[in-house]
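Below is one structure, written out as structure tokens; comments come after it.
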Amino acid sequence: MALPLIVFSGFLLALIAAVIAHVARRATGWLLALLPLGIFAYLVRLIPAIADGQTVVTEIVWVPSLKVNLTFNLDGLALLMALLVSGIGALILIYTSGYMRDDPGIGRLDAYLLFFMASMLGLVLSDNLFTLFIFWELTSISSYLLIGFKYRYQTSRDAALQALLVTAGGGLAMLAGFVLLSASADSATISTIINDNLFSSSSSMYGAVLILILLGAFAKSAQFPFHFWLPNAMEAPTPVSAYLHSATMVKAGIYLLARFTPILGGTTAWTTIVVSIGGLTMLLGAYLAWQKRDLKRILAYATISVLGTIVLLLGIGTELAVEAAMVFLLAHALYKGALFMVAGSVDKAAGTRNIDGLGGLLAKMPVTFVAALVAGLSMAGLPPLLGFIAKELEYDALLHEAGAYPVLVIVALVAANALVGVAAGLVVIKPFFGRKPMLKRDPHESPLSMWLGPLLLAALGLLFGLMPALVDDTLIVPATVAVTGATELEHLALWHGLTVPMGLSVLTIGLAVVVYLLRNRLQVMTKRTTSGRFGPAHFYEWSLDWMLRSADKLTLFLQNGNLRVYLNVIIGTAVLLVGSVFLFYTLPDMTLNTDINDVSVIAAGLSGMIIVAAISATLFRSRLAAIAVLGVIGYSIAILFLLFGAPDLAMTQFSVETLTVVVIVLVIWKLPYFENLTKRGDRIKDVVIAVAAGLLMTLFVLVITATPLTSQITPDIVADSYLIAKGRNVVNVILVDFRGVDTFGEITVLSVAGIGVFVLSRLRSEKRRRPDDDG
Amino acid sequence: MFAAPTLNLWVITPLIILTVWAIILMFIDLFIPAGKKQWTGWLTLVGLIPALALTLMQWGQTGGAFIAEGGQPMVVVDNFATFLNTLYLLTGILAVFISVSYIRDAGLERGEYYFLMLFSIVGMMLMGMANDLILIFLALELLSIPLYILSGFDTGSDTSEESALKYFLLGAFSSAFFLFGIALTYGATGTTSLPVILDTISLDDPLALAALGMLLVGFAFKVGAVPFHMWTPDVYEGAPTSVVAFMSIGAKVAGFAALMRVLGQGFPMWGELWQPAIVVISALTMIVGNFAAVRQQNIKRMLAYSGIANAGYILIGVAASATDPEAISASLYYMLAYLFTNIGAFAVVIAVEKLDGQKGLLVEDYKGLAKRHLLLSLALAYFMFSLVGIPLTGGFTAKFYVFGAGVTAGLYWLVVIGAITSVVSAFYYLRPVLYAFMYEGPAVARVSRGLMFVLVVAVFATLVFGIFPGPWYELASQATFGNVATFVAGG
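Below you can see the structure in the form of structure tokens.
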């Protein structure tokens, strides 16, 4: 039961975080950090067992009919992610207490952060497709809340909505993929699908499932063309950027790719799509990163690049590549988390994040600088740091691949790594060295809470770099095994000897130094390429805009409030619906009644009168005249009834018609002539619809009368009506006896209507008596 | 020889209770002085609650009333009807709690309000229980006419009167289509009894197809499906909000009840014929409903389009039922979850609405609501999340079930449209939430005790459906049509 507890304790603490913040004040962060620390400690204790190949599984039956169960599964991959989420989570909470010191919003921020942490832990521990989706969307929502934390700014709100629409929209695509996957595999438990081989690439669903799940992963991990939301998400407070948008949440897409590698990976489609999207993202992020001036934006684009690299490695999918991806994931979380926190400290101390307005902070903030330096070296991929080992492994993994494309990828990788190195140089060198510009405030070293986190993360990057054995068999190998099922893996080492990867590393660093030194001149050349108007971000804006505009048009078109238009649509659709069914299904073998011999002269005359009256009703400009000719139609029909031997029907028709005309005349008495005459075009439209409806009705009648009606009821009723009901008039007997319940119901309806009309008129006259209500 | 029909009145006891109580209530109302009319409202519950209890007791039973010799019952009760009857009665009870303070504050306090509401509920219940097309038409009138009048209850307000007139004219017009469909069905089969239609109809009969088309038009109007939806925004905007809350659920569910029974029990063998029509209507309804909602500034109009969009989602389950009759349970569950979310949303609208001259109905009027009414704003956010279909809400599980039903039936494109339009819907549903939480503004609300009750119930129910949908879905999947044979034998 420990796993559900790990997940749900975070939600519970989030609920009362604001209260704790109210009581504990400055100690809040330290106090709240105890929970993630406890989770971290618990997970660390499990490392030996997991490394030994065991998994921890807890299952709680939740909604069997939806195939949704709370199945939690802790394997090597989940453990690596969960350790990062809880460990960095603790440090971030502590950092927040310094960053948000004396800000009343701290309780809210901490609550959101805990909410996110719990959702993220749920995401990586879920073994059920649908609980995974639920936690996935919860992380999107917490990200929305956190990006929009400073909600008074329009930019914050826009960025928050953008991130939500992109990531949660991707999540819905993923859900569709999950539905198809679970229907096809007949199981929603991920480990079962993997272990029992319930879904393979030969399935007819494979293509759809692959695309849909990849969409979800790419949107979440800011892959091209969804990458644009991540830099905008930098509107969030810096602890949020450090935690969600570099170390953990954006890794959810990568986690998803890794998790589904055994199910979806290894095919040509997988490799082609994932490698090319990852590679493109890697280059794009790296290309944009070093040209930015805002510390956080530099780091954000570098993050995009790194995410692209990891995606690329997972696309290659060999054991070595996955191992490299796992090491890079760990290294990046450590150094990027640290650098973001450093950026936040610099921002707090100096009042700006623009690298052109910063410099000379070394003397003022020595501890922060040490953290920045160590983390920056890891980012640049220099020995003896974990970032270096990750880079070596990347090159090594690609060099083991045969064919032409690895060479291309290596070139791209060297270029991207070099540019990320330049970005690292900017982040470390610009704020701390050089001359001291005029600043709004006097910078001073951050408090313990704000340098502890970055320093610790940076130090871990150094420690793992020096002693890779610490993480090798304990974390990296189990995680890789969980993804590929591999058994033999390269052991991590700092020094491989004078190998090709080593040479590539030297090349990378050399390139980085050259670009760093020439950056100003290069920037002039690149300026024009980065101000394009056709990026995906523009597509996002354009599509939002398009949606609003088309919604406007649609509403105007469909809903102009004009009753006549509504009626036209109803009639038109009905004619179309019924008419098309009629024409397509029954026209070929339908017989029409073409026998006109038994039509009497009187009937023909009456029909002619009806037609003339109907046409003239549309032409009169006086309402009274129009109603009078409508009455003519009614009476003519009644006479027709009479002619065909239905006197009681005719009587009913007579009385109804008379009453209707009288009532309408009374109502319409006060109304003026028709004044708003329709335009010619409208009238033509009306004529077309009316004629179509009329033709359809005519067709009906001809079809109906072609076959003699065989009623199943009439003979019985005629026989029974006198014998049983003692009535000579069959129609009356039907109304009051055989279908007496219907009539009774009809009477009820009429009385209800009567009472209703009475109430309305009473209400009206009451209102009129109160003059103050007028108008 | 003729024998008196078997009455089996126990089948319609809930209806009898409501009808009789409505009449008694009208007399009691004469003795309740003006200004104390809320008592009429509370007394309405005296009829509704026993009717609900009796309806719940009918769960699991199957029977028919008014069975002529050798014929079919006119009215049936089966789990399908009982499930829906429970929905109407719950809606009615919650609507009373919403209405009491609202119509007092709006100056519309008349005892007949509740009388009309009770009769409308009787009509709704009859819609799902009727086993005969004539009776369905009767039920349609019985439920609609009180609603036409209730829509125009705010006499003197132009929008209210306009809405009532439009609703009445278009409603009467579409009823005519329905009636024509009945006539054609009778022409084709010589009967109006659904089970007999099933036995006698022949696929080659041109009339039967045309009849089905006409019936579809009538139902599509009642459920507010595109392109027969146009009355909804105008009517929702003009009618008193408490009436809208009631009819946006009741009338819609009743329309679906009859649609499902006619298609599922009268024309099931024509599934491949009517499925394409329902698919097209469903797709259009989701697209038009969601896109048109995006730019609405008036929250009642927005909820009207939202109601249209939701009819589209419910139709996915109906379309799927052409090939897989069990898919109906997804739509039934959807309506159950939608009931609470929707009435909750309307309760918030009523709390914020200011009755002096239709103010507080714009989305912008929600600016700064969270500052003064945090809990109300949280409830609003929760209902809107549920309407979008975000996990841990009833709206999510409901969408999940209908999408699942669509996928099982192979209607992939329809489900894709459903998913995309759900994303679009986030755009307008979250706007009032955004305004409430992230803007400064003067929004104030008044939450009467009745509203408080409805809000608590709605939040609780939406939460329960979001977290433990299993047992409720199980109930929905048991809500199947009764066996024709048992109606006759069960006398």
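Respectively, the protein sequence lines represent chains A and B.
Residues in the first sequence are numbered from 1 upward in steps of one, following the working numbering.
Residues in the second sequence are numbered from 1001 upward in steps of one, following the working numbering.
No residue lacks a Cβ here, since even glycine has one placed at the ideal position from N, Cα and C.
Suppose the cutoff is 8 Å on Cβ atoms and the five residues either side in sequence are ignored; what does the same chain contact list for residue i look like?
{"i": "Gly107/A", "result": "Ala17, Ala18, Val19, Ile20, Ala21, His22 and Thr28"}
{"i": "Leu180/A", "result": "Met205, Ala208, Val209 and Leu212"}
{"i": "Val250/A", "result": "Lys220, Ser221, Ala222, Leu230, Leu244, Thr303 and Leu307"}
Going by CA-CA distance only, name the one from the options that's closest to residue i.
{"i": "Asp294/A", "options": "Asp545/A, Thr652/A, Leu426/A and Met120/A", "result": "Leu426/A"}
{"i": "Ser184/A", "options": "Val414/A, Phe199/A, Ala173/A and Ile190/A", "result": "Phe199/A"}
{"i": "Leu5/A", "options": "Ala24/A, Trp30/A, Leu31/A and Pro36/A", "result": "Pro36/A"}
{"i": "Leu544/A", "options": "Ala1426/B, Pro1471/B and Ala1409/B", "result": "Ala1426/B"}
{"i": "Ala1370/B", "options": "Gln1072/B, Gly1441/B and Met1117/B", "result": "Gly1441/B"}
{"i": "Pro48/A", "options": "Pro478/A, Met326/A and Gly315/A", "result": "Pro478/A"}
{"i": "Ala242/A", "options": "Ile273/A, Ala614/A and Leu84/A", "result": "Leu84/A"}
{"i": "Phe224/A", "options": "Met234/A, Val166/A and Asn195/A", "result": "Val166/A"}
{"i": "Ala1381/B", "options": "Phe1437/B, Val1423/B and Thr1019/B", "result": "Phe1437/B"}
{"i": "Ser1163/B", "options": "Asp1105/B, Tyr1236/B and Met1452/B", "result": "Tyr1236/B"}
{"i": "Ile1249/B", "options": "Ala1081/B, Gly1171/B, Val1223/B and Met1269/B", "result": "Val1223/B"}
{"i": "Asp127/A", "options": "Leu80/A, Tyr95/A and Phe260/A", "result": "Phe260/A"}
{"i": "Leu1430/B", "options": "Lys1166/B, Lys1399/B, Gln1072/B and Phe1385/B", "result": "Phe1385/B"}
{"i": "Leu1374/B", "options": "Tyr1435/B, Leu1025/B and Pro1033/B", "result": "Tyr1435/B"}
{"i": "Arg157/A", "options": "Met1214/B, Tyr1439/B, Val1318/B and Ile1390/B", "result": "Tyr1439/B"}
{"i": "Ala551/A", "options": "Lys1300/B, Gly1289/B and Pro1471/B", "result": "Gly1289/B"}
{"i": "Val1447/B", "options": "Ala1379/B, Thr1480/B, Arg1261/B and Lys1399/B", "result": "Ala1379/B"}
Can you list, in chain order, the residues of its chain with a C-beta nearer than 7 Å to that of residue i? Leave out the 5 residues immediately preceding and following it.
{"i": "Arg26/A", "result": "Ser97 and Arg101"}
{"i": "Val367/A", "result": "Glu445, Trp451 and Leu455"}
{"i": "Leu1087/B", "result": "Val1253, Met1335, Leu1336 and Leu1339"}
Is residue i buried or exposed, if buried means 16 or more other CB atoms sit within 10 Å of its CB?
{"i": "Leu1303/B", "result": "buried"}
{"i": "Val656/A", "result": "exposed"}
{"i": "Asp773/A", "result": "Legend: pLDDT at Asp773/A = 45, less than 50; position of this residue unreliable, no value from coordinates given."}
{"i": "Gly1060/B", "result": "exposed"}
{"i": "Gln523/A", "result": "exposed"}
{"i": "Leu1142/B", "result": "buried"}
{"i": "Leu109/A", "result": "buried"}
{"i": "Glu1364/B", "result": "exposed"}
{"i": "Lys336/A", "result": "buried"}
{"i": "Met1001/B", "result": "Caution is warranted here: a pLDDT of 41 is assigned to Met1001/B, below 50, making its placement in the model unreliable, and the coordinate value is therefore given only provisionally. Answer is exposed; the Cβ neighbour count stays below 16."}
{"i": "His227/A", "result": "buried"}
{"i": "Val759/A", "result": "buried"}
For residue i, which residues in the same chain have their Cβ closer than 6 Å to its Cβ, ignoring the five residues on either side in sequence?
{"i": "Gly89/A", "result": "Pro36 and Met117"}
{"i": "Ile689/A", "result": "Asn568, Ile571 and Gly572"}
{"i": "Val515/A", "result": "Val422"}
{"i": "Pro1432/B", "result": "Val1363 and Tyr1366"}
{"i": "Phe115/A", "result": "Ala14 and Ser142"}
What does residue i reach in chain D if we use C-beta pairs closer than 9 Å?
{"i": "Val179/A", "result": "Reference to chain D is not applicable here, since the protein chains of this structure are A and B."}
**OP:** Check whether the region 1284 to 1292 of chain B touches the region 1187 to 1205 of chain B, counting contact only when three or more Cβ pairs, one atom from each stretch, lie closer than 8 Å.
**Re:** Verdict: no, contact absent.
Subject >> Uninterrupted beta strand (DSSP E) stretches inside the region 1386 to 1421 of chain B (no shorter than 3 residues) >> reply: None, since the region 1386 to 1421 of chain B contains no complete beta strand (DSSP E) of that length.
Original post:
What are the complete beta strand (DSSP E) segments, minimum 3 residues, inside the region 1239 to 1297 of chain B?
Top reply: none
Original post:
Three or more C-beta pairs closer than 8 Å, one from the region 1327 to 1341 of chain B and one from the region 1464 to 1476 of chain B: is that the case here?
Top reply: Counting Cβ pairs under 8 Å, three or more are found: they touch.
Original post:
Is the region 629 to 643 of chain A close to the region 599 to 608 of chain A, with three or more CB pairs under 8 Å?
Top reply: By the Cβ rule, the region 629 to 643 of chain A counts as touching the region 599 to 608 of chain A, because three or more pairs are nearer than 8 Å.
**OP:** Decide if the region 339 to 358 of chain A is in contact with the region 416 to 431 of chain A; the criterion is three or more beta carbon pairs, one per stretch, under 8 Å apart.
**Re:** yes
**OP:** May I ask you to verify whether the region 184 to 198 of chain A touches the region 1396 to 1415 of chain B, counting CB pairs closer than 8 Å and requiring at least 3?
**Re:** Two segments are said to touch when three or more pairs of C-beta atoms, one from each, lie closer than 8 Å; by this definition the region 184 to 198 of chain A does not touch the region 1396 to 1415 of chain B.
Original post:
Would you say the region 1081 to 1095 of chain B touches the region 1052 to 1067 of chain B, given that touching needs at least three Cβ pairs under 8 Å?
Top reply: yes
Subject >> Three-pair Cβ contact test at 8 Å for the region 1218 to 1228 of chain B versus the region 1324 to 1339 of chain B >> reply: no
Subject >> Unbroken stretches of the alpha helix (DSSP H), 4 residues or longer, contained in the region 1131 to 1177 of chain B >> reply: 1133 to 1151
Subject >> Cβ pair count under 8 Å reaching 3, the region 169 to 176 of chain A against the region 1415 to 1422 of chain B >> reply: yes
**OP:** Evaluate contact between the region 360 to 379 of chain A and the region 455 to 466 of chain A, counting only Cβ atoms and requiring at least three cross-stretch pairs below 8 Å.
**Re:** yes
Original post:
Between the region 738 to 749 of chain A and the region 1024 to 1031 of chain B, do three or more beta carbon pairs fall short of 8 Å?
Top reply: no
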